[in-house]
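> A single structure is presented below for examination.
Residue numbers (this note's numbering): 12 to 99.
And the structure:
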């Protein structure tokens with residue numbers, strides 16, 4: 012699992028660019044927000060490139076969900092600092 016602390020990190024900058032529709036459409040990459048949307052994407056067998064989260068914002072239930080996903084070892088995970096997460 013990666014840890015991204017700086018909001019100026021290259022990966023964060025790439026993700027911020029996805030706020031523009033034309034970039035999302037060109038790259039065919041979309042950001043989902045929240046446990047429920049992630050669950051729906053998993054159930055739909057969507058291609059999930061990376062799961063980003065900040066432990067500062069996770070509820071206890073969401074922490075359990077992330078822990079379960081980590082155990083499955085199916086996805087790339089990156090934990091973000093509070094500042095990096097706010098940038099998104």
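By construction, the Cβ of each residue, glycine as well, lies at the ideal position given by its N, Cα and C atoms. None of these values were measured; they are calculated from a predicted model.
#1: Compare the Cα-Cα distances from residue 18 to each of 60, 65, 50, 39 and report the closest residue.
#2: With residue 87 and residue 48 assumed to form a contact (beta carbons below 8 Å), what rounded beta-carbon distance in angstroms separates them?
#3: On the DSSP letters alone, give me the boundaries of the beta strand (DSSP E) that residue 13 sits inside.
#4: Looking only at its own chain, which residues have a Cβ that is under 8 Å from the Cβ of residue 95, when we skip the five neighbours before and after it?
#5: What are the residues that DSSP puts in a beta bridge with residue 64?
#6: Taking only the alpha-carbon atoms, compute the straight-line gap between residue 79 and residue 13 and give it to the nearest angstrom.
#7: My understanding is that residue 43 touches residue 29, with C-beta atoms under 8 Å, so please give their C-beta distance in whole angstroms.
#8: Check residue 31 in the structure and name its three-state DSSP category.
For this structure:
#1: In the chain shown, the residue the question calls residue 18 occupies position 7. Minimum Cα-Cα distance from residue 18 among the listed residues 60, 65, 50, 39 corresponds to 65.
#2: Counting from 1 along the chain shown, the entry for residue 87 is found at position 76. Counting from 1 along the chain shown, the entry for residue 48 is found at position 37. With a contact defined as Cβ atoms closer than 8 Å, residue 87 and residue 48 miss out at about 17 Å.
#3: By 1-based counting over the chain shown, the position of residue 13 is 2. DSSP places residue 13 in the uninterrupted beta strand (DSSP E) bounded by 13-15.
#4: On the chain shown, residue 95 is found 84 positions in, with the first residue counted as 1. Here the set comprises 15, 16, 17, 18, 20, 23, 65.
#5: In the chain shown, the residue the question calls residue 64 occupies position 53. 90, per the DSSP bridge assignment.
#6: Reading the chain shown from its first residue, position 68 is the one you call residue 79. Reading the chain shown from its first residue, position 2 is the one you call residue 13. Between residue 79 and residue 13, the C-alpha separation is close to 17 Å.
#7: Sequence index remark: in the chain shown, residue 43 carries index 32 (1-based). Sequence index remark: in the chain shown, residue 29 carries index 18 (1-based). So it is not a contact: roughly 11 Å between Cβ atoms.
#8: As a first step, residue 31 is located in the chain shown; it is residue number 20 there, counting from the start. Three-state result, residue 31: coil.
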